[in-house]
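Residue numbers (full-length UniProt numbering), protein chains in the order written: chain W, 1 to 187; chain Z, 1 to 187.
Each residue gets a CB set at the ideal place from its N, CA and C atoms; glycine is no exception.
Computed from a predicted structure; not experimentally measured.
Below is one structure; the comments refer to it alone.
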């Protein structure tokens with residue numbers, strides 16, 4: 001029953017947002033009695049933290065560390081995978097990290113800690129990929145991999161917001177062109 | 001009374017989010033009876049569109065077109081102004097365009113149109129600034145001003161999410177360093 005609640009909550013939070021999805025909406029979607037919710041979770045906020053973990057596991061971050069593919073190709077494929085997921089859902093949903101970051105981190109410290117940790121894990125993998133690409137001369141020599149990794153993730157989160165607002169791939173194209181053809185390109 | 005509602009709604013939406021701020025919270029904050037709301041607005045969504053206009057007027061976009069300052073200096077000052085506003089509010093609130101873009105544009109077409117229009121106006125001013133900087137050789141020659149302007153705004157919106165999540169200026173520093181020292185820097 002706990003699993004069903006987490007699965008329904010991921011869909012509801014991702015599609016509608018944290019505040020728009022009430023506990024009753026989530027238990028209804030899960031097909032469980034509302035009263036059962038508090039047998040499994042201390043609060044909706046507690047559920048949000050579990051949902052973030054579940055969401056993180058769906059993002060194929062492990063592909064960023066695949067030794068069988070050149071690092072710059074892995075990075076391109078990573079953003080293409082994330083883009084395709086948004087396009088397939090009709091430019092809705094976006095990234096749960098960014099959505100929670102925009103909607104609720106100011107008010108909920110446990111969610112804020114979970115989002116921050118998610119960004120750090122993700123940024124660490126991108127940083128390692130950039131450092132590897134830099135050692136092989138595939139990206140610009142002078143870039144700081146840690147600073148650039150953070151910048152890329154942040155730029156990606158804003159790109160998602162714009163793609164959803166426009167319901168268009170233009171923001172994704174601007175990201176990929178600007179990042180891979182100019183920012184990362186060896187001088 | 002309409003003005004008081006708009007002022008209170010801008011504060012409530014910006015600080016708490018669209019769904020977290022109920023109409024009654026807004027009318028209470030404005031010091032007006034809840035029943036008066038629908039004398040002035042057709043819906044909460046209608047109010048959100050008016051609030052976006054009011055918010056846009058506070059962002060000093062006109063400074064981007066100031067002929068007395070070199071274009072690249074204007075662009076730096078613009079992002080520094082926006083950053084300082086977020087830091088002064090304790091890394092809370094962020095940008096109302098991005099917040100609405102993350103929380104509600106998927107579900108409300110009139111708000112989506114208003115956010116899209118706000119981004120387009122802003123991007124047009126940044127594009128003109130970049131084109132002017134490019135003509136004077138102050139930025140990289142090969143960049144497309146329209147694509148780059150879109151990318152910068154999107155990157156900025158994600159930067160705000162990260163700065164709020166971390167309650168730290170690191171995301172702002174990564175944005176300013178990466179954009180001005182590498183991306184825009186003449187080759």
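Residues of the stretch 84-95 of chain Z whose Cβ lies closer than 7 Å to any Cβ of chain W, in chain order: 92, 94. Between residue 9(Z) and residue 47(Z), the C-beta gap is smaller than 9 Å, which places the two residues in contact. Within the same chain, and ignoring the five residues on either side of residue 25(W) in sequence, the residues whose Cβ sits closer than 7 Å to its Cβ are 12.
Shown here, residue 88(W) sits in a helix according to DSSP, grouped into three states.
Only exposed fits residue 33(Z), as fewer than 16 other CB atoms lie within 10 angstroms of its CB. Around the Cβ of residue 83(Z), a 10 Å sphere holds 16 or more other Cβ atoms; the residue is buried. Per DSSP, the unbroken alpha helix (DSSP H) holding residue 25(W) starts and ends at 23-30. When 6(Z), 39(Z), 131(Z) are compared, the shortest CA-CA separation from residue 65(Z) is found for 131(Z). Taking a Cβ-Cβ threshold of 8 Å, the residues of chain W close to residue 162(Z) are 101, 119, 150, 153, 154, 157, in chain order. For residue 183(Z), a Cβ of chain W is located within less than 9 Å of the residue's own Cβ. The stretch 106-123 of chain Z and the stretch 176-186 of chain Z do not touch, with fewer than three beta-carbon pairs separated by less than 8 Å. By the criterion of a C-beta distance shorter than 7 Å, residue 105(Z) is surrounded in its chain by 111, 112, 115, once the five residues flanking it on both sides are discounted.
Cβ contact annotation for residue 60(W) (same chain, cutoff 8 Å, sequence separation greater than five): 78, 81, in chain order.
Taking 9 Å as the upper bound on Cβ-Cβ separation, chain W lies near residues 15, 16, 17, 18, 19, 20 of the stretch 7-22 of chain Z. Straight across, the Cα-Cα distance linking residue 152(Z) with residue 174(Z) is about 13 Å. The distance from the Cβ of residue 117(W) to that of residue 164(W) is about 24 Å, inconsistent with a contact at the 8 Å cut-off. Across the structure, residue 43(W) and residue 125(Z) are spaced so that their CA atoms are roughly 45 Å apart.
The Cβ of residue 104(W) sits closer than 9 Å to at least one Cβ of chain Z. Judged by pairs of C-beta atoms under 8 Å, the stretch 141-159 of chain Z does not touch the stretch 136-145 of chain W, as fewer than three such pairs exist. Each of 85(Z), 166(Z), 107(Z) was checked against the Cα of residue 92(W), and the nearest Cα belongs to 107(Z).
Contacts between residue 82(Z) and chain W, judged by CB atoms closer than 9 Å, are missing: the closest CB pair is about 13 Å apart. DSSP places residue 18(Z) in the coil class of the three-state scheme, outside both helix and strand. The C-beta of residue 38(Z) has fewer than 16 other C-beta atoms within 10 Å across all chains shown, which makes the residue exposed.
Taking 9 Å as the CB threshold, residue 143(Z) lines the interface with chain W. Rounded to the nearest angstrom, the Cβ distance from residue 155(Z) to residue 155(W) is 4 Å, consistent with a contact under 8 Å.
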